[in-house]
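Visitor: From first to last, the protein sequence lines are chains C and P. The first sequence stops at residue 338 when you use this note's numbering, and every number in between is there. The second sequence stops at residue 341 when you use this note's numbering, and every number in between is there. Here a beta-carbon is modelled for each residue, glycine too, at the ideal position from N, C-alpha and C.
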Amino acid sequence: MSEESDMNRRKFMEVGIYAIAGAITAVSGVALTRFAVGPSFRDEKVKWIEVELDDSGEGNLGFSRVVLEYEKKDGWLTTSAKSLAYVKRVKEDAVIAISAACTHLGCIVTWDEEQKIFQCPCHDGRYSPEGEVISGPPPRPLRRHKTKIEDGRILLATETVPYGGDTHERV
Amino acid sequence: MNVFKHIYFWVDERLEMHDYIKKDILDKPIPKGLNLSYCFGGITFFLFVMLAVTGYFMTLYYVPSPEQAYDAVDYLTFEVPMGQVIRGVHHWSGNLMMVTIFLHMLRVLIYGAYKKPREINWMSGVCLLCLVMGFGFTGYLLPWDQKAYWATKVGTSVMGTVPVVGDYALRILRGGPDLGALTLTRFYTLHVLFLPLVTVIFLIAHFVMIRKQGISTPL
Chain C
168 MSEESDMNRR KFMEVGIYAI AGAITAVSGV ALTRFAVGPS FRDEKVKWIE
218 VELDDSGEGN LGFSRVVLEY EKKDGWLTTS AKSLAYVKRV KEDAVIAISA
268 ACTHLGCIVT WDEEQKIFQC PCHDGRYSPE GEVISGPPPR PLRRHKTKIE
318 DGRILLATET VPYGGDTHER V
Chain P
123 MNVFKHIYFW VDERLEMHDY IKKDILDKPI PKGLNLSYCF GGITFFLFVM
173 LAVTGYFMTL YYVPSPEQAY DAVDYLTFEV PMGQVIRGVH HWSGNLMMVT
223 IFLHMLRVLI YGAYKKPREI NWMSGVCLLC LVMGFGFTGY LLPWDQKAYW
273 ATKVGTSVMG TVPVVGDYAL RILRGGPDLG ALTLTRFYTL HVLFLPLVTV
323 IFLIAHFVMI RKQGISTPL
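This is the structure we're talking about:
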């Protein structure tokens, strides 16, 4: 065999080895990336929870303080989750439910009866009774839970939407 | 592509690694007359790399706790995308590794490659065999299912039958008289921290020695 064809065979083997190594790396790379990303973009199924309003007139200007308690999947665990909402009936067939999760970094705001504002304990974000930002770092008004009324029962969704969105689903 | 070449040469101009990588690693000549049976060591190393990579990724989901281990393994296998593939590769690489190690040792025995001056490399290989068996033993418990539990119960009890030191060995291995949470955490730590570190050290020694002494040529 001439020297030239020997070199070609050598080159062929080299390219072949790199191709196989590249294929293995690419295939495992895709599989490993999918595995590592895993459930990161999976969202919890929305649950509807029946609540009862405290119509005694106390609380933030006609709002009732409502604690939503529900079961939540946390990977392989099932945990109980809680979220706080301020709920008010605005019409016979409509309620609004303000989420107490601050839009800055998610702390739970508390109602200040004297100043008639919501105040966040973390960075002093302040909101009006309707959830609009008065001062502090919050970038947006308090979010609203989706709500609906079925046979006179008030249902709140575990999902919240930005204020201004269509929060009330008619059934 | 040009960019990568540019970066490569920029780095190489400073570190001057190109000739070394080319001549001593990628284009390193091997003796004439070698056959496929000389590949088993390399295949074993390949499987080790696969095990390391899949193992690293599985720690994203695994929890070494008696309450959660089984559910976490079930979750990472069936709920996480590619879970069955990743865990399957780990499982089968582990099984195949014992086969390829056996064939690798058999070849070394048949060709007499363990003889002077390569006795130390043979010894390091025997240590690696023990380490791999340690991986197998500790990894078997981690899914925390019935098979894992009873296999480890039997395995550690066998240790207890050794005269004089048996009971000490059993207790140290289990972290107490009974198999439980303490056993699971120490098997986990052995499997993912201690054994890999020691194995890598032995692997480096194994490879450096074979490079220094060269492959033993066929009879």
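On the CB-based measure, 16 or more other CB atoms within 10 Å of its CB, does residue 207(C) come out buried or exposed?
Guide: Taking the first sequence and counting its residues from 1, one reaches residue 207(C) at position 40. Exposed: under 16 other Cβ atoms inside 10 Å.
Visitor: Where does the unbroken beta strand (DSSP E) through residue 284(C) begin, and where does it stop?
Guide: For the purposes of this step, residue 284(C) is taken as the residue at position 117 of the first sequence. Segment 284-286, the beta strand (DSSP E) holding residue 284(C).
Visitor: Tell me residue 312(C)'s beta-bridge partners as DSSP assigns them.
Guide: Locating residue 312(C) in the first sequence gives position 145, counting from the first residue. Residue 312(C) is bridged to 327(C).
Visitor: If we cut at 8 Å on Cβ distances, does residue 126(P) have a partner in chain C?
Guide: Here residue 126(P) refers to the residue found at position 4 of the second sequence. No, residue 126(P) lies away from the interface with chain C (no Cβ there is under 8 Å from its Cβ).
Visitor: So which residues on chain P does residue 202(C) lean against when the C-beta distance must stay under 7 Å?
Guide: Residue mapping note: residue 202(C) aligns to position 35 of the first sequence, counting from 1. Correct list: 179, 202, 203, 204, 205 and 208.
Visitor: At 3 residues or longer, what runs of the beta strand (DSSP E) sit wholly inside the stretch 208-284 of chain C?
Guide: 215-218, 231-241, 244-258, 261-266 and 277-279
Visitor: Does the beta carbon of residue 273(C) sit closer than 8 Å to a beta carbon anywhere in chain P?
Guide: Residue mapping note: residue 273(C) aligns to position 106 of the first sequence, counting from 1. By this cut-off, residue 273(C) is not an interface position.
Visitor: Just the C-alpha distance for residue 177(C) and residue 151(P), rounded to the nearest angstrom, thanks.
Guide: Position 10 of the first sequence, counted from the start, is the residue given in the question as residue 177(C). Position 29 of the second sequence, counted from the start, is the residue given in the question as residue 151(P). Straight-line Cα distance between these residues: approximately 12 Å.
Visitor: Have a look at the DSSP bridge pairing and note the partners of residue 300(C).
Guide: The residue you call residue 300(C) lines up with position 133 of the first sequence. 294(C), per the DSSP bridge assignment.
Visitor: Could you check where the alpha helix (DSSP H) with residue 318(P) kicks off and where it finishes?
Guide: The count along the second sequence starts at 1 and reaches residue 318(P) at position 196. Element bounds for residue 318(P): 317-335.
Visitor: Note down, in chain order, each residue of its chain lying with its Cβ closer than 7 Å to the Cβ of residue 165(P), except the 5 sequence neighbours on either side.
Guide: The sequence position of residue 165(P) within the second sequence is 43, counting from 1. Taken in chain order, the residues that qualify are 222.
Visitor: Considering only the alpha carbon of each residue, which of 247(C), 197(C), 181(C) and 267(C) lies closest to residue 207(P)?
Guide: On the second sequence, residue 207(P) is found 85 positions in, with the first residue counted as 1. Between residue 207(P) and the set 247(C), 197(C), 181(C) and 267(C), the nearest pair of CA atoms involves 197(C).
Visitor: Output, in sequence order along the chain, the residues in the stretch 225-250 of chain C whose CB is closer than 8 Å to any CB in chain P.
Guide: Here the close residues are 242, 243 and 244.
Visitor: For a test of the three-state rule: what should DSSP assign to residue 187(C), helix, strand or coil?
Guide: Stepping through the first sequence from its first residue, residue 187(C) is reached at position 20. Three-state DSSP puts residue 187(C) in a helix.
Visitor: Applying a beta-carbon distance threshold of less than 7 Å, which residues of chain C neighbour residue 160(P)?
Guide: Residue 160(P) sits at position 38 when you count from the first residue of the second sequence. What residue 160(P) touches in chain C: nothing, since even the nearest Cβ is about 16 Å away.
Visitor: Looking at residue 309(P) and residue 264(P), is the spacing between their C-beta atoms short of 8 Å?
Guide: On the second sequence, position 142 is the one that residue 264(P) refers to. On the second sequence, position 187 is the one that residue 309(P) refers to. Contact: yes.
Visitor: Looking at the unbroken alpha helix (DSSP H) that takes in residue 266(P), where does it start and where does it end?
Guide: As a position in the second sequence, residue 266(P) is number 144, starting the count at 1. No alpha helix (DSSP H) holds residue 266(P); DSSP gives it neither H nor E.
Visitor: Of all the CB atoms in chain C, is at least one closer than 8 Å to the CB of residue 196(P)?
Guide: Residue 196(P) sits at position 74 when you count from the first residue of the second sequence. For residue 196(P), the answer is yes, since a Cβ of chain C falls inside 8 Å of its Cβ.
Visitor: Looking at C-beta atoms only, is the number of pairs between the stretch 189-198 of chain P and the stretch 232-250 of chain C that lie closer than 8 Å three or more?
Guide: Using a C-beta cut-off of 8 Å, the stretch 189-198 of chain P makes contact with the stretch 232-250 of chain C, since at least three inter-stretch Cβ pairs fall below that distance.
Visitor: What's the C-alpha gap between residue 330(P) and residue 144(P)?
Guide: Position 208 of the second sequence, counted from the first residue, corresponds to residue 330(P). Position 22 of the second sequence, counted from the first residue, corresponds to residue 144(P). For residue 330(P) and residue 144(P), the distance between alpha carbons rounds to 17 Å.
Visitor: Within 10 Å of its beta-carbon, does residue 190(C) have 16 or more other beta-carbons around it, so buried, or fewer, so exposed?
Guide: In the first sequence, the residue the question calls residue 190(C) occupies position 23. By the neighbour-count definition (other C-beta atoms within 10 Å, threshold 16), residue 190(C) is an exposed residue.
Visitor: For residue 201(P), name the three-state secondary structure that DSSP assigns.
Guide: Against the second sequence, residue 201(P) aligns to sequence position 79. Of the three classes helix, strand and coil, the one that applies to residue 201(P) here is coil, per DSSP.
Visitor: Could you give the distance in angstroms between the alpha-carbon of residue 126(P) and the alpha-carbon of residue 132(P)?
Guide: By 1-based counting over the second sequence, the position of residue 126(P) is 4. By 1-based counting over the second sequence, the position of residue 132(P) is 10. Approximately 10 Å between the Cα atoms of the pair.
Visitor: Contact criterion: CB-CB distance below 8 Å. Does residue 175(P) meet it with respect to chain C?
Guide: Here residue 175(P) refers to the residue found at position 53 when the second sequence is read from its first residue. So yes, residue 175(P) belongs to the interface.
Visitor: Quick check on the burial criterion: 16 or more other C-beta atoms within 10 angstroms. Buried or exposed for residue 269(C)?
Guide: Position 102 of the first sequence, counted from the start, is the residue given in the question as residue 269(C). It counts as buried.
Visitor: Buried or exposed for residue 175(C), going by 16 or more other Cβ atoms inside 10 Å?
Guide: On the first sequence, residue 175(C) is found 8 positions in, with the first residue counted as 1. Counting Cβ neighbours within 10 Å, residue 175(C) comes out exposed, since fewer than 16 surround it.
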